[in-house]
Each structure stands twice: as structure tokens, then as C-alpha cells.
Amino acid sequence: MTDIHFHELEQFLKGEGGRGASSRPPVCLLFGEDVLYQKALDKVLTAFLGNADRNMNYEALDGSNENVAGALERINTYALLSTCKIIALTDARIFHSRQNMDRIWEQAAKAAKAGKLKKAARHFLDLLRVQDMTLDDLTGESPAKVFKTAGADLDWVPAVTDYCRQNGLQVSAAADPQQALEQAIEQGFPAGHHLIVTTAVVDKRRRLYKVIREKGLVVDCSVPKGERKADRMAQESVLDAVVEDVLRQNGKRMDPGARRALYDLTGFDLRTVAANVEKLAHFTGQRDKIEVADIKQVLERTRRDPLYELTEAVSNRNLGQALFYLQSLLNGGDFDHPLPLLAAVANQMRRLLVAKEFTASPHGRLWHRGCSYPQFQSQVLPAIKAYDEALQSRLDAWRQTLNAPTAPQGKKRGKKTNATGRSDLFLAAKGRSPYPIYKTLQKAERFTLLELKQAMQKISAADQQLKRSGQSGRLILEHLILWVCQPDHEGAPMGRTHNGRQPRRHP
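In this text, residue positions in the sequence shown follow the numbering used here: the first is 22, and each later residue adds one.
1. Quick one: what does DSSP say residue 274 is sitting in, helix, strand or coil?
2. Pop quiz: residue 218 and residue 115 are said to be a contact at Cβ under 8 Å. What is the actual Cβ separation, rounded to whole angstroms?
3. Kindly confirm or deny that the region 470–482 and the region 492–511 touch, where touching means at least three C-beta pairs closer than 8 Å.
4. For the alpha helix (DSSP H) that residue 156 lies in, which residues bound it at each end?
5. Do you know offhand how far residue 111's Cα is from residue 239's?
6. Applying the 10 Å Cβ sphere with the 16-neighbour rule, what's the burial state of residue 66?
7. In angstroms with no decimal places, state the Cα-to-Cα distance between residue 305 and residue 267.
8. On a CA-only basis, which of 457, 331, 291 is nearest residue 57? Give me that one, please.
9. Grab the span of the alpha helix (DSSP H) containing residue 373 for me, first residue to last.
10. Does the Cβ-Cβ distance between residue 343 and residue 331 come in under 8 Å?
11. Can we say the region 203–218 touches the region 153–172, given the rule of at least three CB pairs closer than 8 Å?
12. With three or more beta-carbon pairs closer than 8 Å as the criterion, would you say the region 82–96 touches the region 263–283?
13. Hey, residue 191 and residue 156 are a contact pair by Cβ (cut 8 Å); roughly how many whole angstroms apart?
14. Label residue 29 either buried or exposed according to how many other C-beta atoms from any shown protein chain fall within 10 Å of its C-beta, with 16 as the threshold for buried.
15. Please confirm whether residue 476 and residue 497 have their CB atoms less than 8 Å apart.
16. Could you check if residue 179 is buried or exposed, using at least 16 other CB atoms within 10 Å of its CB as the buried criterion?
17. Residue 177 and residue 133 - do their beta-carbons sit closer together than 8 Å?
18. Quick one: complete alpha helix (DSSP H) runs, 4+ long, within the region 75–160?
19. Can you tell which of 128, 99, 100, 488 has its C-alpha closest to the C-alpha of residue 113?
20. Quick one: residues in its chain with C-beta nearer than 7 Å to the C-beta of residue 360, no 5 flanking neighbours on either side, listed in chain order?
21. Among 418, 257, 61, 447, which residue has its Cα nearest to the Cα of residue 285?
22. Residue range of the beta strand (DSSP E) that residue 347 falls in?
23. Among 229, 231, 386, whose alpha-carbon lies nearest the alpha-carbon of residue 404?
24. Could you give the distance in angstroms between the alpha-carbon of residue 514 and the alpha-carbon of residue 467?
25. From what residue to what residue does the alpha helix (DSSP H) around residue 484 run?
26. Report yes or no: do the region 65–81 and the region 241–257 share at least 3 C-beta pairs separated by less than 8 Å?
27. CB residue 397 to CB residue 448, shorter than 8 Å?
28. Output the boundary residues of the alpha helix (DSSP H) element that contains residue 332.
29. Is the distance from the Cβ of residue 406 to the Cβ of residue 465 below 8 Å?
30. Nearest by alpha-carbon distance to residue 242: which of 216, 220, 235, 229 is it?
31. Helix, strand or coil: which one does DSSP assign to residue 385?
32. Does DSSP classify residue 176 as helix, strand or coil?
33. Mind reading off the beta-carbon distance from residue 455 to residue 373? Whole number of angstroms is fine, and I expect it under 8 Å.
34. Between the alpha carbons of residue 223 and residue 348, how many angstroms are there, rounded?
35. Is DSSP giving residue 416 helix, strand or coil here?
36. What is the residue span of the beta strand (DSSP E) that residue 219 lies within?
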């Protein structure tokens, strides 16, 4: 019938989905962010039931696979006192499979760290099920040995495992709940009876998804998790909607500056944002406006920063921000060792070095400080591609020299090597967007070629220290960041090029 996004649901329910009982979809699938699909569920119930008593017309069941049969039995049983009956499978795991195992793991870990062991146990048991495992597989073995590819953060697993055992929970052995649900939807439900399924995870390739979309309503409540500008705009739009909801309920208002301060503290966490706005609403009392000062006084920083914030600060030579994000990432729990952070910094500095070598070459004469993006696209980008092609030719020539046959004629040659060079040696590697290349060239202006070469040596030394010494990893990374970001280096003062000339200062 219909496939819509969350922000289109209200309009759908007022129009096509609300013309009468006969036009209402018999089955609804609401998937994505849990805060959003719970709001969507409430909107659907309000539209379908109106002023009717929800206790009499609506029943929610936990979405475990064992409850699918019970949900189908209830929805096919005629109601005695009303013509409308709604059964919901909430937080359903019907779509859980190996393809979305990472998402299941993420949900289990998030619930466990928040102290919601019951919810964490449900996801954890599903995780075991899709891997054909049981709780017995964890007996006498460390989680790190059992879950070889599930992730590095395993501190929560023993607590959840103990909770499952203490409460007699076991991995589901249900036959095929998906097939049973498919058949029931295709056969249809009694008139006025509706099934609602809410879930964080769907697999759109599954026949069950296609059957629901064909026979009923699918509401996409997901939000992009990337860091692109479009993704961040989508995230802020959803955050604004959640904040506006809470503000309206409490008779409060908040200007864009205050919202920005709130999002900086919480990041994209809808539940935390909503709870924080409620807290601020109570704190401000009779005042109708929430100010930035209120946010600073009441809230603590709970945001988990992305790794790119650290590399961005280092490449901008912003020492304060770089040390702040280093501490945030190490304290956030996502990284149990500093080596991944060092690798990220190394990759960023390597890109800057490649960019700087281009600008120092004859091909880079068209690049200059203050070069506009249109000029970069029309003049500099073709020069970068020519530079990469020349580098590829040199690499190919070196390989041919190294692989030249030295054995007597007629003997078999050695194994043929790949003729394609390493992509990190090229500034405009295949599939790379032009704008990030432009920004990399701008950032490289903050360094001299000598400084970037020395930075790579410092990174190599830090890598050896992290692997071989007993020193604090945090301290090693702090020393490295101080060296990269500080304004002067002993023996290699910042701002002096390798030939001793003093360049213009970067603002």
C-alpha cells in the first residue's frame, strides 16, 4: 500500500489513511530510531482509536519471536465489545539476521551500559541465535574468545550473561516466525483488526518486508548516522522536532543558539536530548525561555565525539581542541587502546604530506593560498590528475625494473605483481570527491614540507613506544599532538620552509 517517512505520517493519517476504517492499513511496520517509532506508534493509535479506551482496544506484546504466534492468535480473535482491535509487537526481532548483526550488537551494548539488562538480554540472545550459539558456549570461555569479530568493547557481556542465567532466559528455538507472519498477512485479518510491528532493524531484502509494504503501511523512522553535511542536517532536523515537542508540552521556548549549545553537549541522542529539555523546563520554573546559561549550569557533556573531530583539530593545528577531543575519545569507551587514534592521525598527516608534495612540484604551480574552489576545479584539479598519472608511470617503471627476468632464457618468470599503485600515494585517487581534496590542500598550507616529514617520523616513533614501552598511551599521544600543533619546533621552527625562506603566516 504505502511506504513513507516519519515526517509524512501525520499527513498520511489525516488524508489517505484516515478516510475511514476501510482505508486503514491492516498491518503497519514502524522501524528506525526507537524514540521516533514510539512517537509514530502513538500517532497511529490516536488516528485509529480516536477517543476509544486503549485498554480495551489495544494490546502490546514484547517482540520476541516466541510471541509472534500469540500475536497472530489474538489478532484473529474477534473482539466482543468493539469493532477496532490493535495488536502490537514492540521492539520486534523478527528481522534479526547475520546481515544486521552489528546493529544488534550495538543495541545490546547500549542497553547494557544504560543499566537496562532486560532489554540488553533480549538483543544478546538474538545475537547468539543468529550465530547459532547458546549461553553454554560462554561457559568457561572469555567473551573476547567467543566473539571474535563482534567488537572490542566486551565489558558488559558478563553482566548480561549472568542476568540471562539468573532469570532462566534461553536462546529462542522458534521454528519460522517470519513465514507464519507472512502467511497471516497475506490471508488477511478480520475487519477492523490491525497489527503493528515496531523494530530498530529491518532487512528490506526479506520477503516479509515486501509483503508488509504491499499489504499495509511502512514508516521509515531511521535517521542517517553519517557525518556528511546532508546527514548532519537531517539529524538536526529530527533533533529540532523532538525538542519542539517537549517545549510545546511544557510551554517553553528556546532560541537557535541555545539549541546549538544543547546539541553540542548531547550529540545525536534523541532520548537524552528529550530528557535534558524536560530537565531544563523544570529548572527554569515560571520563565518561558530556556537560555544558554541554563544549559551550561544544568547539563553535563554526554556527547560521544566522532574520530574525525580529533584529526580535524590536529590538521588545523588547534592544540586546545585536539587535546580536548583526544581526552573525550579515550574517556568515551569506544576505544580501549590509543593505537586506532594514532592510526587516524597518521592517515591525516600522510594525506597532508601528499598534498604538500604536489604543491611543491612543478604540477602544483597553479595552486596558491586563497585559491577559490571554482579555480581549483578548472585549473588545479586537472594538474593533480596529471601529477598522479606521472607518479603512476614512475611506479610502473620501477616495478618493471625490479621484476626484470634475471634467470636464463626459457625459465619461468616470477609472479606478476599488481600494476596499480597504492591509493594513499595519490591525491585524486579513483572515487575521491574533489571538495575534500580542495580542503586538504588548504590544511596543508598550515605546515611546511619539512614539518610534515618530521611529523611522520614522530608518528612512527610514537607507534613503537605504544607497542614496546610501558609508558602511558595517553601521554605518548599528547606529546605527539603537542609537537604537531605547537608553533615552534627546536631545530625546525614553524613557518620556515626547507630552504630557509619565511613564508606568509596563515591566519
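Think of the CB as a built atom: it goes at the ideal place given N, C-alpha and C, for glycine as much as any other residue. This structure is a prediction, so every number in the text was calculated from the model and none was measured.
Answer, in terms of the structure:
1. For this step, residue 274 is matched to residue 253 along the sequence shown. Correct three-state label for residue 274: strand.
2. In the sequence shown, counting from the first residue as 1, residue 218 sits at position 197. In the sequence shown, counting from the first residue as 1, residue 115 sits at position 94. 7 Å between Cβ atoms; contact.
3. yes
4. Within the sequence shown, numbered from 1, the residue matching residue 156 stands at position 135. Careful: residue 156 lies outside any alpha helix (DSSP H) and carries neither H nor E.
5. The residue labelled residue 111 in the question sits at position 90 within the sequence shown. The residue labelled residue 239 in the question sits at position 218 within the sequence shown. Distance between the alpha carbons of residue 111 and residue 239 is about 15 Å.
6. To locate residue 66, count along the sequence shown from 1; it is residue 45. Residue 66 should be labelled buried.
7. For the purposes of this step, residue 305 is taken as residue 284 along the sequence shown, with counting starting at 1. For the purposes of this step, residue 267 is taken as residue 246 along the sequence shown, with counting starting at 1. Roughly 14 Å between the two C-alpha positions.
8. In the sequence shown, the residue the question calls residue 57 occupies position 36. The residue with the shortest Cα to Cα distance from residue 57 is 291.
9. Residue mapping note: residue 373 aligns to position 352 of the sequence shown, counting from 1. If you look at residue 373, you'll find it in the alpha helix (DSSP H) that goes 360–381.
10. What you label residue 343 is simply residue 322 of the sequence shown in a count that begins at 1. What you label residue 331 is simply residue 310 of the sequence shown in a count that begins at 1. Yes, the Cβ-Cβ distance between residue 343 and residue 331 is below 8 Å.
11. Under the Cβ criterion (8 Å, minimum of three pairs), the region 203–218 does not count as touching the region 153–172.
12. no
13. By one-based count along the sequence shown, residue 191 stands at place 170. By one-based count along the sequence shown, residue 156 stands at place 135. A Cβ-Cβ distance of about 7 Å is found for the pair residue 191 and residue 156, placing them in contact under the 8 Å criterion.
14. Against the sequence shown, residue 29 aligns to sequence position 8. So residue 29 ends up on the exposed side.
15. What you label residue 476 is simply residue 455 of the sequence shown in a count that begins at 1. What you label residue 497 is simply residue 476 of the sequence shown in a count that begins at 1. Their beta carbons are not under 8 Å apart, which means residue 476 does not touch residue 497 by this criterion.
16. As a first step, residue 179 is located in the sequence shown; it is residue number 158 there, counting from the start. By the neighbour-count rule (16 or more Cβ atoms within 10 Å), residue 179 is not buried but exposed.
17. Position 112 of the sequence shown holds residue 133. Position 156 of the sequence shown holds residue 177. Contact: yes.
18. Entirely contained in the region 75–160, the alpha helix (DSSP H) runs reaching 4 residues are, in chain order, 75–78, 89–96, 122–134, 138–151.
19. For the purposes of this step, residue 113 is identified with residue 92 of the sequence shown, where counting begins at 1. Comparing Cα-Cα distances from residue 113 to each of 128, 99, 100, 488, the minimum goes to 128.
20. For this step, residue 360 is matched to residue 339 along the sequence shown. Only 487 meet the Cβ criterion.
21. Position 264 of the sequence shown, counting from 1, holds the residue named residue 285. Looking at the Cα atoms, 257 is the closest of the given residues.
22. In the sequence shown, counting from the first residue as 1, residue 347 sits at position 326. First-last for residue 347: 340–352, but that is the alpha helix (DSSP H), not the beta strand (DSSP E).
23. Stepping through the sequence shown from its first residue, residue 404 is reached at position 383. The residue with the shortest Cα to Cα distance from residue 404 is 386.
24. Counting from one through the sequence shown, the residue named residue 514 turns up at place 493. Counting from one through the sequence shown, the residue named residue 467 turns up at place 446. The pLDDT assigned to residue 514 is 41, lower than 50, so where the model puts this residue is not dependable, and the model offers no usable value.
25. Counted from its first residue, the sequence shown places residue 484 at position 463. From DSSP, the alpha helix (DSSP H) with residue 484 extends over 470–489.
26. no
27. For the purposes of this step, residue 397 is taken as residue 376 along the sequence shown, with counting starting at 1. For the purposes of this step, residue 448 is taken as residue 427 along the sequence shown, with counting starting at 1. No. Outside cutoff.
28. Counting from one through the sequence shown, the residue named residue 332 turns up at place 311. Unbroken alpha helix (DSSP H) run through residue 332: 328–336.
29. For the purposes of this step, residue 406 is identified with residue 385 of the sequence shown, where counting begins at 1. For the purposes of this step, residue 465 is identified with residue 444 of the sequence shown, where counting begins at 1. It is not a contact, given that the beta carbons lie outside the stated cut-off.
30. Here residue 242 is taken as the residue at index 221 of the sequence shown, counted from 1. Residue 242 has its Cα closest to that of 220, out of 216, 220, 235, 229.
31. Translated into the one-based positions of the sequence shown, residue 385 becomes position 364. Note: residue 385 maps to helix in three-state DSSP.
32. For the purposes of this step, residue 176 is taken as the residue at position 155 of the sequence shown. Residue 176 falls in the coil class under three-state DSSP.
33. Position 434 of the sequence shown, counted from the first residue, corresponds to residue 455. Position 352 of the sequence shown, counted from the first residue, corresponds to residue 373. No, residue 455 and residue 373 are not in contact; Cβ-Cβ is about 17 Å, not under 8 Å.
34. Along the sequence shown, read from residue 1 onward, the residue named residue 223 stands at position 202. Along the sequence shown, read from residue 1 onward, the residue named residue 348 stands at position 327. Approximately 35 Å between the Cα atoms of the pair.
35. As a first step, residue 416 is located in the sequence shown; it is residue number 395 there, counting from the start. It is helical.
36. One-based indexing of the sequence shown puts residue 219 at position 198. Note, residue 219: beta strand (DSSP E), 214–220.
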